[in-house]
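J.: Residue numbers (this note's numbering): 182 to 468. Glycine is no exception: its CB is placed at the ideal position from the N, C-alpha and C atoms. My questions will all concern the structure given below.
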């Protein structure tokens with residue numbers, strides 16, 4: 182799941198765009214937190230708002246497909262208030278320590294672990310420099326994915342041997358303690374986006390990364406005209422329009438280019454069933 186330092190702003194961005202993105206469950210979780218802790222809604226109201234939001238995106242909505250997902254995200258949000266962190270500060274001492282590794286993949290992993298530990302320290306003052314992120318997520322955020330399981334284990338082991346991290350003493354526990362945090366040194370780098378930490382480090386090292394004009398993610402710019410990351414390139418959310426259902430009179434949202442739809446999804450399903458029954462009746466009467 183993506184980490185946002187300002188979840189309120191991200192939730193408002195989702196609402197403004199009426200777009201669930203490539204990971205709808207994650208977007209619904211953020212919206213559930215927003216409706217609960219910003220708007221002050223109760224469970225039933227949050228569920229209702231999320232269902233209405235899904236319908237407003239223009240997605241073909243069927244309750245049986247979305248009910249469990251919506252309720253799960255609402256229940257998950259119960260004790261998880263919105264995160265609001267200005268930035269993660271990385272100091273000169275920490276960057277110098279990471280640079281001594283002389284290996285960009287290792288440096289990216291160490292930098293990612295450092296940022297995650299500082300993030301959890303801000304969320305919980307008793308965290309004491311630990312990260313509870315799974316190894317899979319750690320390597321995904323660092324962008325070091327093209328390694329075998331053995332190579333990844335050896336990279337973590339090397340950071341341990343060098344005294345930069347400490348694994349949990351509990352068997353099977355993937356938690357790691359980062360041992361290079363030095364908040365007494367001057368802050369050199371301020372991280373405001375936690376989704377691509379490996380790329381954030383490479384940007385600091387001078388790599389030609391740019392922020393996507395749509396989602397804000399970092400991407401490697403290969404042409405001056407390139408403005409979007411691979412997820413947003415060639416994708417543009419279609420403009421929508423609001424219509425009134427000819428059967429029930431309720432307003433609904435559709436793609437602005439749709440010139441044939443006259444019913445909301447619920448009434449259209451009822452209409453389709455009636456037409457199917459009529460076709461079946463006619464076929465039987467002929468036989």
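Residue 309 to residue 298, Cα distance in whole Å?
T.: Answer to the nearest angstrom: the Cα atoms are 8 Å apart.
J.: State yes or no: is the C-beta of residue 411 within less than 8 Å of the C-beta of residue 402?
T.: No, these two residues do not count as a Cβ contact at 8 Å.
J.: Taking 8 Å as the limit between beta carbons, can you name the residues of its chain near residue 366, skipping five residues before and five after?
T.: Excluding positions up to five away in sequence, the list reads 272, 273, 274 and 275.
J.: From what residue to what residue does the beta strand (DSSP E) around residue 401 run?
T.: It spans 399-401 - the beta strand (DSSP E) in which residue 401 sits, taken as one unbroken run.
J.: Return the CA-CA distance between residue 542 and residue 384, expressed in angstroms with no decimal places.
T.: Because the chain here runs from 182 to 468, residue 542 falls outside it and cannot be looked at.
J.: Looking at the unbroken alpha helix (DSSP H) that takes in residue 239, where does it start and where does it end?
T.: Note, residue 239: premise wrong, no alpha helix (DSSP H); not H, not E.
J.: CB residue 356 to CB residue 313, shorter than 8 Å?
T.: Result yes, Cβ atoms of residue 356 and residue 313 sit closer than 8 Å.
J.: Roughly how many angstroms lie between the CA atoms of residue 190 and residue 214, to the nearest whole one?
T.: In a straight line, the C-alpha of residue 190 is about 12 Å away from that of residue 214.
J.: Taking residue 293 as part of the alpha helix (DSSP H), name the residues at either end of that continuous run.
T.: Here the alpha helix (DSSP H) through residue 293 covers 285-304.
J.: Taking contact to mean at least 3 C-beta pairs separated by less than 8 Å, is the stretch 276-285 in contact with the stretch 247-267?
T.: With the cut-off at 8 Å, the stretch 276-285 and the stretch 247-267 do not touch.
J.: Any contact between the stretch 287-297 and the stretch 242-252? By contact I mean 3 or more CB pairs, one from each, below 8 Å.
T.: With the cut-off at 8 Å, the stretch 287-297 and the stretch 242-252 do not touch.
J.: Just the Cα atoms here: how many angstroms apart are residue 185 and residue 376?
T.: Residue 185 and residue 376: Cα-Cα distance of roughly 7 Å.
J.: Name the DSSP bridge partner or partners of residue 148?
T.: The chain is shown from 182 up to 468; residue 148 falls before or after that span and cannot be answered.
J.: Using 8 Å for Cβ pairs, my map puts residue 346 next to residue 359. What's the rounded Cβ distance?
T.: Indeed they touch by this definition, with Cβ atoms about 6 Å apart.
J.: What are the residues that DSSP puts in a beta bridge with residue 347?
T.: According to DSSP, which records beta bridges pairwise, residue 347 is partnered with 358.
J.: Residue 296 and residue 399 - do their beta-carbons sit closer together than 8 Å?
T.: Not in contact: residue 399 and residue 296 (Cβ atoms no closer than 8 Å).
J.: Please report the straight-line C-alpha distance between residue 322 and residue 204, rounded to a whole angstrom.
T.: Their backbone Cα atoms lie some 16 Å apart in a straight line.
J.: By the DSSP assignment, the beta strand (DSSP E) with residue 370 in it spans what residues?
T.: Start and end: 368-372.
J.: So what does residue 390 bridge to, in DSSP terms?
T.: 401.
J.: How long is the line joining the alpha carbons of residue 467 and residue 451, rounded to whole angstroms?
T.: Distance between the alpha carbons of residue 467 and residue 451 is about 25 Å.
J.: Could you have a look at residue 228 and say whether DSSP puts it in helix, strand or coil?
T.: Three-state result, residue 228: helix.
J.: May I ask you to list the residues that DSSP assigns as paired with residue 210?
T.: For residue 210, which the question treats as bridged, DSSP gives no partner whatsoever.
J.: I'd like to check one pair, residue 208 with residue 250: are the Cβ atoms closer than 8 Å?
T.: Cβ distance not < 8 Å, so residue 250 and residue 208 don't count as in contact.
J.: Pull the bridge partners of residue 425 from the DSSP assignment, please.
T.: According to DSSP, residue 425 bridges with 432.
J.: Helix, strand or coil for residue 272, going by three-state DSSP, please let me know.
T.: Note: residue 272 maps to strand in three-state DSSP.
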